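Note that full-length UniProt numbering numbers the sequence shown so that position 50 is 50, with each residue one more than the last.
Each residue gets a CB set at the ideal place from its N, CA and C atoms; glycine is no exception.
Owing to the predicted nature of the structure, the values given are computational and were not obtained by experimental measurement.
Read through the structure below, which is laid out as structure tokens, and then see the notes.
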Amino acid sequence: MFEHVANEKELARAAGGEFSIADAIDPAKLFRHFESNFTVDKFESVFFWAKPILDYDKSSPLRQWYIRSIYANLAAQIKLCHDFDPKEEAEKQEYAKNQVLTFWNSLAKHPQYSDVDRGCFAQKSVSRKRKRPQDKAQVDINALVQTGAPRPAKTTASTTDY
1 MFEHVANEKE LARAAGGEFS IADAIDPAKL FRHFESNFTV DKFESVFFWA KPILDYDKSS
61 PLRQWYIRSI YANLAAQIKL CHDFDPKEEA EKQEYAKNQV LTFWNSLAKH PQYSDVDRGC
121 FAQKSVSRKR KRPQDKAQVD INALVQTGAP RPAKTTASTT DY
């Protein structure tokens, strides 16, 4: 997400215009920007692990709102924490990353998301079976297994004689 927000800032600088997220510091304006510019492709590029599981288009309107809101809130927070001079000391950069992680960990606990549960999500069916090749090669196991010393005979006697 850090890289995604950095790319969005560069695109905003290149585009120019009346409002640019590159210079914005108002969290509400940043949220509105990221929410209005939300696309499923952007979400899936950031939350790539969700792509094979979640189906945005088939999800309930509440679920779609939740996805857009999580994306926009996190992007806005990262943009605000990302606005440090690259020459600043590592301590400030680490602090900014920790702020984002703290925000992320508490984001889903916000009261506005309290009634969003798993039932709101349309999930793609994921096959758990391994795909096997259609043409199974015939293997002569006797030709592949190597033998060395003769195999000892199976015995039923105790191995400990006291």
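Expected contact under 8 Å - CB spacing of residue i and residue j to nearest Å
i   : j    : result
Y56 : V46  : That pair is no contact at about 13 Å.
A96 : H82  : 7 Å
H33 : I21  : 5 Å
P27 : L101 : Their Cβ separation, rounded to whole angstroms, is 17 Å, which puts P27 and L101 out of contact at 8 Å.
Top-ranked residue by Cα proximity to residue i, from the options
i    : options             : result
A108 : Y66, E35, E94, A75  : Y66
F103 : Y71, L11, A90       : Y71
I53  : M1, E44, S60        : E44
P61  : V116, H4, M1, E18   : V116
F48  : M1, Y113, E94       : M1
S36  : V100, N73, N7       : N73
Q77  : L30, A90, K51, Q93  : L30
A75  : R63, E94, K42       : K42
R68  : Q93, A28, G17, F38  : F38
Q64  : Q99, Y113, E8, N105 : Y113
Bridge partner(s) assigned by DSSP for residue i
i   : result
L80 : Paired residue(s): none; L80 is not in a bridge.
L11 : Bridge partners of L11: none, in fact.
Collapsed DSSP secondary structure at residue i in the structure displayed
i    : result
F2   : helix
I25  : coil
N98  : helix
A72  : helix
H110 : coil
V116 : coil
E35  : helix
F47  : coil
E18  : coil
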